[in-house]
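Engineer:
In full-length UniProt numbering, the protein residues as written are 1 to 180.
1. At the level of alpha carbons, what is the spacing between residue 57 and residue 122?
2. Contact defined as beta carbons within less than 8 Å: I believe residue 22 pairs with residue 153. What is the distance between those atoms, to the nearest angstrom?
3. Could you tell me which of 116, 124, 129, 115 sits nearest to residue 107, measuring between CA atoms?
4. Determine the closest residue to residue 165 out of 36, 105, 32, with distance taken between C-alpha atoms.
5. DSSP state of residue 66, grouped into three classes?
6. Residue 26 and residue 132: beta carbons closer than 8 Å?
7. Once the 5 residues before and after residue 42 are set aside, which same chain residues still bring their CB inside 8 Å of it?
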């Protein structure tokens, strides 16, 4: 992947925070986009007691399992090809988990969903990302999508909306939006 590319059809992500609907919607997008491998490599759930457990999801018409780890460090070791971390942690803990991901060797892009992260902490994350030549999307993002390649969380809505909008296939037009 080129340095300027955030995602491609092979991008895999580690999801921090157990979020059933966004995970399933990402996998539905992967299936209709005909990705060879699903985009969700692992889930982090720091509140679980076991070091590793599993979450059953659908990939098209078949059930698959995605590993759930207690720590980000363990997930990164087990899935070194996952270069995106999508952080669904609350604003209280998203700074520390995002910082850990940015300081790792394997994560290239950190997506921070949480709102309410103090400005000082946001600036510190930006400084670390610039120093390490990594990317941050957020904080307070709703996600993003690269048509036919990769979807972050709930972006673009349901499978029906993705199909009607033809977002399952690559295109040549991009759109960036900002609110507030």
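For every residue, glycine included, the Cβ atom is placed at its ideal position computed from N, Cα and C.
None of these values were measured; they are calculated from a predicted model.
Structural biologist: Straight from the coordinates:
1. 33 Å
2. 4 Å
3. 129
4. 32
5. strand
6. no
7. 14, 15, 66, 67, 68, 69, 75, 78, 79, 82
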